[in-house]
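Visitor: Take this structure first; my questions come after.
There are 4 protein chains.
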Amino acid sequence: MSAPALGLEDIQLALEAAPFHRWLGIKAISADEDALRLEMPWRDEVVSNPRVQSAHGGILASLIDLTGFYALLASGNTPAATADLRVDYHKAATPGTLVATGKIIRLGSTISVAEATIKSSDGVLLSSGRGAYHMPRRPR
Amino acid sequence: MSAPALGLEDIQLALEAAPFHRWLGIKAISADEDALRLEMPWRDEVVSNPRVQSAHGGILASLIDLTGFYALLASGNTPAATADLRVDYHKAATPGTLVATGKIIRLGSTISVAEATIKSSDGVLLSSGRGAYHMPRRPR
Amino acid sequence: MSAPALGLEDIQLALEAAPFHRWLGIKAISADEDALRLEMPWRDEVVSNPRVQSAHGGILASLIDLTGFYALLASGNTPAATADLRVDYHKAATPGTLVATGKIIRLGSTISVAEATIKSSDGVLLSSGRGAYHMPRRPR
Amino acid sequence: MSAPALGLEDIQLALEAAPFHRWLGIKAISADEDALRLEMPWRDEVVSNPRVQSAHGGILASLIDLTGFYALLASGNTPAATADLRVDYHKAATPGTLVATGKIIRLGSTISVAEATIKSSDGVLLSSGRGAYHMPRRPR
Chain A
0 MSAPALGLED IQLALEAAPF HRWLGIKAIS ADEDALRLEM PWRDEVVSNP RVQSAHGGIL
60 ASLIDLTGFY ALLASGNTPA ATADLRVDYH KAATPGTLVA TGKIIRLGST ISVAEATIKS
120 SDGVLLSSGR GAYHMPRRPR
Chain B
0 MSAPALGLED IQLALEAAPF HRWLGIKAIS ADEDALRLEM PWRDEVVSNP RVQSAHGGIL
60 ASLIDLTGFY ALLASGNTPA ATADLRVDYH KAATPGTLVA TGKIIRLGST ISVAEATIKS
120 SDGVLLSSGR GAYHMPRRPR
Chain C
0 MSAPALGLED IQLALEAAPF HRWLGIKAIS ADEDALRLEM PWRDEVVSNP RVQSAHGGIL
60 ASLIDLTGFY ALLASGNTPA ATADLRVDYH KAATPGTLVA TGKIIRLGST ISVAEATIKS
120 SDGVLLSSGR GAYHMPRRPR
Chain D
0 MSAPALGLED IQLALEAAPF HRWLGIKAIS ADEDALRLEM PWRDEVVSNP RVQSAHGGIL
60 ASLIDLTGFY ALLASGNTPA ATADLRVDYH KAATPGTLVA TGKIIRLGST ISVAEATIKS
120 SDGVLLSSGR GAYHMPRRPR
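Residue numbers (numbering that gives the first Met the number 0), protein chains in the order written: chain A, 0 to 139; chain B, 0 to 139; chain C, 0 to 139; chain D, 0 to 139.
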């Protein structure tokens with residue numbers, strides 16, 4: 000990412016085109032040349048283990064996936080779809096806002112790679128991972 | 000998996016303990032010595048791309064994660080949590096029931112690995128992947 | 000894979016074009032519509048832990064990578080390069096022939112996915128994993 | 000990593016205990032609180048594609064694996080073995096010294112995660128990835 004090609008409102012609009020992002024309540028917080036930061040508020044339907052009230056791994060995987068995707072988009076690149084996703088779970092995510100930060104690892108012509116971390120609102124690393132994203136074929 | 004240690008109703012009950020599984024509407028369809036089969040009905044909130052009505056990659060990742068986890072559980076092993084998850088996206092998942100099949104790759108003492116595939120109701124492979132799951136420490 | 004497009008001698012020739020495959024001593028054992036089977040003899044330079052004489056994880060990763068790649072090639076498809084690789088280590092690989100079996104998971108137009116397992120000569124699963132491979136752009 | 004627990008000579012000694020590291024010619028270059036830096040000289044046996052003289056993906060996977068492992072070791076933690084490995088290939092690695100940098104992502108009690116990048120000697124990112132490493136069980 001050099002200067003972000005999209006402003007925060009544009010990123011928020013693009014995010015909200017997806018019904019699942021609206022359900023998750025994703026908010027674009029900041030975007031600069033280094034990273035995109037998103038937040039997701041808690042909602043009780045995301046709980047996996049009701050005893051410890053932890054978020055389902057699939058919810059954290061969703062956040063990693065979309066944060067990597069939008070890190071590319073925010074920088075003016077438009078990935079077509081996720082090719083593959085890898086997520087490491089470090090600590091249970093218990094009720095509270097989730098803070099996701101995405102960075103581009105490598106901008107490619109057919110595949111780009113971006114990483115994302117998810118932290119609790121007090122800065123504890125909960126999960127991190129990477130997506131490989133299909134880039135659109137350019138007209139020749 | 001040899002003979003499945005848990006019956007279908009037990010698996011369904013365990014699945015439904017998780018609020019997120021209830022939201023996804025996961026149903027246990029069959030469990031035998033080879034594989035666990037689950038189904039997830041469509042719901043419009045899971046859409047990522049509203050133009051093609053495709054399910055969000057995070058929803059498919061959720062299914063891969065939980066299907067691998069419950070393949071272990073169905074065979075009488077109780078994973079403690081997902082350590083990491085890897086998902087390949089093969090084809091867009093458009094409206095319709097999603098059929099997930101999970102198999103154990105390797106039962107380990109601290110980490111077990113299980114794989115899962117997701118197909119459309121007419122048998123087209125949409126996504127596949129693997130989870131590595133923490134196994135509980137046994138008392139010594 | 001339907002009928003394998005390449006015969007065993009063709010596969011062996013293609014394998015040996017790579018100096019690293021010659022160093023590893025990779026042999027093509029069988030190729031049919033379902034799977035490609037390769038073998039790698041032991042050599043002492045691959046040891047990681049000298050106390051247990053186990054093969055380095057990178058050697059097993061090399062085998063997973065190349066076995067997935069050649070499963071695609073054997074079926075008449077020519078991947079251009081590996082995009083990404085994921086390997087699970089199940090058990091230490093101690094001295095003896097390593098038997099690798101590769102299968103295509105999904106043949107795609109830009110990315111194909113293949114999996115591979117590595118077993119000891121007496122059939123114990125040592126490692127398994129997947130590669131995502133770039134497919135060449137077809138002329139339009 | 001806070002202050003590195005091992006000095007460079009200790010790291011070099013530990014690296015060289017593995018015959019495969021000696022074959023690769025791995026050298027410990029620097030270790031501080033943030034990262035471990037290793038170098039690997041070129042050798043012709045690592046070539047995969049003889050036309051472009053590129054290093055085999057398995058060699059880069061070996062470097063990612065061992066650099067993550069030794070980033071943990073350098074900080075005074077002793078991983079027992081690699082549990083799983085994920086590698087992204089960004090650009091072909093052509094003849095020249097490979098520079099690998101490893102960082103700890105998360106130090107865990109049973110699994111730790113570390114990442115590594117591989118660059119050419121002129122700083123071009125060639126490959127990057129992560130390993131999940133088994134941590135030894137502590138006596139209770």
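Note that the Cβ used here is the ideal one computed from N, Cα and C, for glycine as well.
1. Are the CB atoms of S74 of chain D and A4 of chain D within a distance shorter than 7 Å?
2. When you compare only the Cα positions, how much space is there between L71 of chain D and T93 of chain B?
3. What span of residues does the beta strand (DSSP E) with R85 of chain C cover, start to end?
4. Would a check of beta-carbon distances place L12 of chain B closer than 7 Å to chain A?
5. Taking only the alpha-carbon atoms, compute the straight-line gap between D121 of chain D and V98 of chain D and give it to the nearest angstrom.
6. Are the beta-carbon atoms belonging to V45 of chain D and F19 of chain C less than 7 Å from one another?
7. Taking 6 Å as the cut-off, is the beta-carbon of H55 of chain B closer than that to any non-hydrogen atom of the ligand PLP?
8. Pick out whichever of C:L124, C:E114, C:T100, C:G6 has its Cα sitting closest to the Cα of D87 of chain B.
9. Does DSSP classify M0 of chain A as helix, strand or coil?
10. Short check: CB of W41 of chain C to CB of G95 of chain C, under 7 Å?
11. Spatial neighbours of S53 of chain A within its chain, please: C-beta separation below 8 Å, excluding the five flanking residues on both sides.
12. Give me the residue from A:L125, A:H89, A:D83 with the minimum Cα distance to V112 of chain A.
13. With A60 of chain B and G57 of chain A assumed to form a contact (beta carbons below 8 Å), what rounded beta-carbon distance in angstroms separates them?
14. Look up G101 of chain B in the DSSP assignment and give the residues it is bridged to.
15. Mind checking if M0 of chain D is an interface residue toward chain B, Cβ cutoff 7 Å exclusive?
16. Kindly indicate the opening and closing residues of the alpha helix (DSSP H) around H20 of chain D.
17. Whole-angstrom Cβ separation of G101 of chain A and L35 of chain A, contact assumed at under 8 Å?
18. How about E38 of chain D and K26 of chain D: are their beta carbons less than 7 Å apart?
19. Smallest Cα separation from T109 of chain D: which of B:L125, B:H133, B:L124, B:I63?
20. Closer than 7 Å, CB to CB, is D121 of chain B near chain C or not?
21. Is DSSP giving A60 of chain B helix, strand or coil here?
22. Strictly below 7 Å CB to CB, what residues from chain A border D83 of chain C?
23. Smallest Cα separation from D131 of chain A: which of A:L65, A:E32, A:D31, A:V123?
24. Using beta carbons (cut-off 7 Å, strictly below), is T77 of chain A in contact with chain C?
25. Got a sec? Which residues, its chain only, sit under 8 Å from R21 of chain C by beta carbon, not counting five neighbours each side?
26. So, does the CB of I110 of chain A fall closer than 7 Å to a CB anywhere in chain C?
27. Please report the Cβ distance between R85 of chain D and R85 of chain A, rounded to the nearest whole angstrom; I am assuming they are in contact, meaning their Cβ atoms lie under 8 Å.
28. Within its chain, find whatever has a CB closer than 6 Å to the CB of I63 of chain A; leave out the 5 residues flanking it on each side and keep chain order.
29. Quick one: Cα of A17 of chain D to Cα of H55 of chain C, how far?
30. Please list, in chain order, all residues of the same chain as K118 of chain B whose beta carbon is under 7 Å from its beta carbon, the five residues on each side excluded.
31. Leaving aside the five residues before and after H89 of chain C along the sequence, list all residues of the same chain whose C-beta is less than 8 Å from its C-beta, in chain order.
32. Starting from the C-beta of S135 of chain A, find all residues in its chain whose C-beta is less than 7 Å away, skip the five residues before and the five after it, and write them out in chain order.
33. Can you pull the chain B residues whose beta carbon is under 9 Å from the beta carbon of S74 of chain C, in chain order?
34. Locate the alpha helix (DSSP H) running through L13 of chain B, then write down its first and last residues.
35. Less than 8 Å between C-beta atoms, sequence neighbours within five positions excluded: which residues of the same chain meet that for G24 of chain D?
Guide: Straight from the coordinates:
1. As a working mapping, residue 4 of chain D is identified with position 5 in the fourth sequence. As a working mapping, residue 74 of chain D is identified with position 75 in the fourth sequence. Contact flag set, yes.
2. Taking the first residue of the fourth sequence as position 1, residue 71 of chain D is located at position 72. Taking the first residue of the second sequence as position 1, residue 93 of chain B is located at position 94. The alpha-carbon of L71 of chain D is positioned some 43 Å away from that of T93 of chain B.
3. Locating residue 85 of chain C in the third sequence gives position 86, counting from the first residue. Where R85 of chain C is concerned, the enclosing beta strand (DSSP E) starts and stops at 80 to 88.
4. Position 13 of the second sequence, counted from the start, is the residue given in the question as residue 12 of chain B. Chain A places no beta carbon closer than 7 Å to that of L12 of chain B, leaving this residue out of the contacts.
5. By 1-based counting over the fourth sequence, the position of residue 121 of chain D is 122. By 1-based counting over the fourth sequence, the position of residue 98 of chain D is 99. Straight-line spacing of the CA atoms in D121 of chain D and V98 of chain D works out to 9 Å.
6. As a working note, residue 45 of chain D is residue 46 in the fourth sequence. As a working note, residue 19 of chain C is residue 20 in the third sequence. Their beta carbons are under 7 Å apart, which means V45 of chain D touches F19 of chain C by this criterion.
7. Absence of the ligand PLP is noted for the structure shown, with no ligands found whatsoever.
8. Position 88 of the second sequence, counted from the start, is the residue given in the question as residue 87 of chain B. Closest by C-alpha distance to D87 of chain B, out of C:L124, C:E114, C:T100, C:G6, is C:E114.
9. In the first sequence, counting from the first residue as 1, residue 0 of chain A sits at position 1. Below a pLDDT of 50, predicted positions are generally treated as unreliable, and M0 of chain A, at 44, falls in that range; no measurement from the model is reported.
10. If you number the third sequence from 1, residue 41 of chain C lands on position 42. If you number the third sequence from 1, residue 95 of chain C lands on position 96. Yes, these two residues count as a Cβ contact at 7 Å.
11. Numbered from 1 along the first sequence, position 54 holds the residue referred to as residue 53 of chain A. Hits under 8 Å: V46, S47, A91, A92, T93.
12. Position 113 of the first sequence holds residue 112 of chain A. The shortest Cα separation from V112 of chain A among A:L125, A:H89, A:D83 belongs to A:D83.
13. Numbered from 1 along the second sequence, position 61 holds the residue referred to as residue 60 of chain B. Numbered from 1 along the first sequence, position 58 holds the residue referred to as residue 57 of chain A. Sure, about 5 Å apart at Cβ, within 8 Å.
14. Counted from its first residue, the second sequence places residue 101 of chain B at position 102. In the DSSP output, where bridge partners are listed per residue, G101 of chain B has B:L35, B:A115.
15. Within the fourth sequence, residue 0 of chain D is the residue found at index 1, counting from 1. Legend: pLDDT at M0 of chain D = 44, less than 50; position of this residue unreliable, no value from coordinates given.
16. Numbered from 1 along the fourth sequence, position 21 holds the residue referred to as residue 20 of chain D. Looking at the DSSP string, the run of the alpha helix (DSSP H) that includes H20 of chain D is 18 to 23.
17. By 1-based counting over the first sequence, the position of residue 101 of chain A is 102. By 1-based counting over the first sequence, the position of residue 35 of chain A is 36. About 5 Å; that satisfies the 8 Å criterion.
18. Translated into positions along the fourth sequence, residue 38 of chain D becomes position 39. Translated into positions along the fourth sequence, residue 26 of chain D becomes position 27. Contact: yes.
19. Translated into positions along the fourth sequence, residue 109 of chain D becomes position 110. Cα-wise, what sits closest to T109 of chain D is B:H133.
20. For the purposes of this step, residue 121 of chain B is taken as the residue at position 122 of the second sequence. Not a single C-beta of chain C is nearer than 7 Å to the C-beta of D121 of chain B.
21. Position 61 of the second sequence, counting from 1, holds the residue named residue 60 of chain B. Three-state DSSP puts A60 of chain B in a helix.
22. Translated into the one-based positions of the third sequence, residue 83 of chain C becomes position 84. Contacts between D83 of chain C and chain A, judged by CB atoms closer than 7 Å, involve D83, A131 in chain order.
23. The residue labelled residue 131 of chain A in the question sits at position 132 within the first sequence. The sequence as given places Ala at residue 131 of chain A; Asp does not occur at that position. Checking every option, the nearest Cα to that of A131 of chain A belongs to A:L65.
24. Mapped onto the first sequence, residue 77 of chain A falls at position 78. Under the Cβ criterion of 7 Å, T77 of chain A is not counted among the residues facing chain C.
25. Numbered from 1 along the third sequence, position 22 holds the residue referred to as residue 21 of chain C. Excluding sequence neighbours, R21 of chain C sits near E15.
26. Sequence index remark: in the first sequence, residue 110 of chain A carries index 111 (1-based). It does; some Cβ of chain C falls within 7 Å.
27. By one-based count along the fourth sequence, residue 85 of chain D stands at place 86. By one-based count along the first sequence, residue 85 of chain A stands at place 86. That belief holds up - the Cβ atoms of R85 of chain D and R85 of chain A are roughly 5 Å apart, short of 8 Å.
28. Taking the first residue of the first sequence as position 1, residue 63 of chain A is located at position 64. Here I63 of chain A has V86, A115, G128 as same chain residues with Cβ atoms under 6 Å from its own Cβ, once five neighbours each way along the sequence are excluded.
29. Position 18 of the fourth sequence holds residue 17 of chain D. Position 56 of the third sequence holds residue 55 of chain C. The alpha-carbon atoms of A17 of chain D and H55 of chain C are separated by roughly 8 Å.
30. On the second sequence, residue 118 of chain B is found 119 positions in, with the first residue counted as 1. Answer for K118 of chain B: V98, L124, L125, listed in chain order.
31. As a position in the third sequence, residue 89 of chain C is number 90, starting the count at 1. Excluding positions up to five away in sequence, the list reads L124, L125, S126, S127.
32. The sequence position of residue 135 of chain A within the first sequence is 136, counting from 1. Residue 135 of chain A is actually Pro in this sequence, not Ser. Taken in chain order, the residues that qualify are T77, A79.
33. Residue numbering aside, residue 74 of chain C sits at position 75 when the third sequence is read from its first letter. Within chain B, no C-beta atom comes nearer than 9 Å to that of S74 of chain C; the closest sits roughly 16 Å away.
34. As a first step, residue 13 of chain B must be located in the second sequence, where it is residue number 14. For clarity, residue 13 of chain B is Ala in the given sequence; the question names Leu instead. 7 to 15 is the span of the alpha helix (DSSP H), which, as asked, contains A13 of chain B.
35. If you number the fourth sequence from 1, residue 24 of chain D lands on position 25. M39, P40, R42, listed in sequence order.
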